[in-house]
Structure formats: structure tokens, C-alpha cells
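Residue numbers (the UniProt record's numbering): 1 to 248. From the three backbone atoms N, C-alpha and C, an ideal C-beta is built for every residue, glycine too. Scroll down for the structure; my scribbles are underneath it.
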Ligand SMILES: [Zn+2]
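This is the structure in C-alpha cells:
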């Protein structure tokens with residue numbers, strides 16, 4: 001595998017061994033669109049810091065999905081959730097081979113990525129890294145309120161999960177719903193859905209919920225089934241999770 005051609009000059013090249021592991025993680029297909037053109041895959045830095053090459057910060061994706069992430073059509077929370085679910089899948093699969101767990105809480109220099117190690121991603125670490133991204137949203141926008149921003153992300157992710165069940169991973173366009181939302185809430189091309197003013201938070205949340213409820217999966221599950229948490233439940237769960245994670 002040669003990886004010297006298409007790496008922008010600012011970036012160090014990712015070791016071939018790491019790339020191989022990243023490719024294995026996504027089972028050699030783009031985790032967003034299922035593209036299998038391995039030769040063109042790019043390494044995405046989840047925290048948008050090109051020098052943070054720790055394994056938990058890297059995700060291999062196709063160039064099309066990469067540019068969608070850059071433009072915000074696939075939002076950073078969706079990307080983070082994808083990495084977490086991939087790492088959880090792999091951890092479960094590898095439980096019989098090893099018990100060694102890399103703790104990404106440790107200083108980056110101490111993190112050793114081997115071939116058969118279970119990967120334990122501490123989500124709070126990555127979330128801390130993505131906070132930087134949050135700061136680019138102006139005062140008074142949904143993006144300026146971390147909890148409201150995360151809740152909107154959560155709802156969009158939920159919609160995508162439900163939709164993926166309906167259309168299949170290979171037909172799923174993760175950016176489509178986001179760009180429809182941007183149109184509906186009149187967000188400019190270079191802005192993201194988190195630029196919507198805070199006053200419209202409930203309206204936006206209610207709209208996404210109504211779209212989740214209209215998916216085939218929601219209808220299959222039936223009216224009694226709860227398809228998502230309310231904002232206050234979400235806050236409770238998130239804060240609860242952080243407390244448990246800190247105990248490790
Ligand atoms: Zn893709």
C-alpha cells in the first residue's frame with residue numbers, strides 16, 4: 001500500500017500498520033455509504049486536528065463522504081457515533097482472542113495499538129476533542145449550547161438509524177436528511193444546522209422527531225414504542241453516562 005501520493009503536506013503519513021487496522025475496522029467498506037473502492041479511502045481525523053493520529057481519532061472513509069463531513073452534511077456527532085459503534089462491534093468480536101484493552105485516556109504517547117487488542121474508546125476524551133468544533137458556532141445559535149447541539153445530533157443520528165433499517169446501508173445517504181433540514185430551516189450552504197437560532201430549538205427537535213415517527217421502522221415498532229428520549233431524559237442519561245465513564 002502506498003500512501004505518499006495523496007496526503008496533504010501538513011499531515012504526517014499514517015503508518016501502514018495503522019491504516020491496515022483502520023481498514024479492518026470498517027471491513028474494507030466506507031462506513032457511511034458502503035463504497036468498497038479501498039484504493040481511494042482517506043483517513044479522517046474525528047477531532048479535526050490533523051496531527052492527532054491516535055487510533056481512536058481516526059476513521060477510514062471514502063472521499064465523497066469525507067467531503068460531506070468537511071461541509072457538515074454529515075455532522076461530527078454522527079461520525080463520532082459511527083466510530084464508537086465500530087469499535088464496540090470489534091471489541092465484541094475479539095473478546096475470545098484477547099483481554100488487553102488500550103486505554104485511550106492515557107497520554108497519547110503511551111497508547112499502543114497492536115493487532116489483536118480490544119479497543120476501548122473513551123467517548124469523553126473524543127467528545128472533549130470535538131468541543132473545539134462546537135466553539136465555531138455563534139452566540140445564540142443551537143451550536144453554542146452543547147447540550148442542545150448534542151440533542152439535535154442525537155435525533156439526527158436516530159433518524160438515520162431508522163432510515164438505514166428501511167433502505168439498507170448501501171442505499172443510505174447520510175447527508176441527505178441533514179441537507180433537507182438545512183433547506184427547511186433556511187441555513188446557508190456554508191453553515192450547518194447548528195447555526196439555527198436557539199429560539200427554534202424546539203421547533204427543530206419536534207420536526208426531526210416527527211420525521212423519525214414517520215419512518216417505516218417506527219411504524220413497524222408501533223405507536224407504543226418510544227423512538228427517542230425527550231430532551232430532559234437525554235440530558236439525564238448523558239450526565240449519568242459521564243459519571244460512570246469517569247470511574248475507569
Ligand atoms: Zn462513503
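- Distance from residue 42 to residue 63 at the Cβ level is roughly 6 Å; contact confirmed, criterion being Cβ atoms closer than 8 Å.
- In this structure the region 218-227 does not lie against the region 167-186, because fewer than three pairs of beta carbons, one per stretch, are closer than 8 Å.
- The alpha-carbon separation between residue 76 and residue 38 amounts to approximately 23 Å.
- With three or more CB-CB distances shorter than 8 Å, the region 45-65 counts as touching the region 14-34.
- Per the CB criterion, closer than 6 Å to any heavy atom of ligand 1, the qualifying residues run in chain order as 30, 32, 33, 35, 61, 62, 64 and 65.
- Residue burial annotation: residue 192 is buried, with at least 16 other C-beta atoms found within 10 angstroms of its C-beta.
- Residue 187 and residue 138 have their alpha carbons spaced roughly 14 Å apart.
- The beta-carbon separation of residue 157 and residue 88, rounded to 15 Å, does not stay under the 8 Å limit for a contact.
- The continuous stretches of beta strand (DSSP E) do not include residue 198, and DSSP gives it neither H nor E.
- DSSP places residue 141 within a strand segment (E or B) once states are collapsed to three.
- The alpha-carbon separation between residue 27 and residue 33 amounts to approximately 13 Å.
- Non-local C-beta neighbours of residue 234 in its own chain, meaning closer than 7 Å and more than five positions away in sequence, comprise 151 and 154, ordered along the chain.
- The continuous beta strand (DSSP E) containing residue 43 extends over residues 42-45.
- Rounded to the nearest angstrom, the Cβ distance from residue 69 to residue 44 is 6 Å, consistent with a contact under 8 Å.
- By the C-beta density criterion, residue 220 is exposed, having fewer than 16 other C-beta atoms within 10 angstroms.
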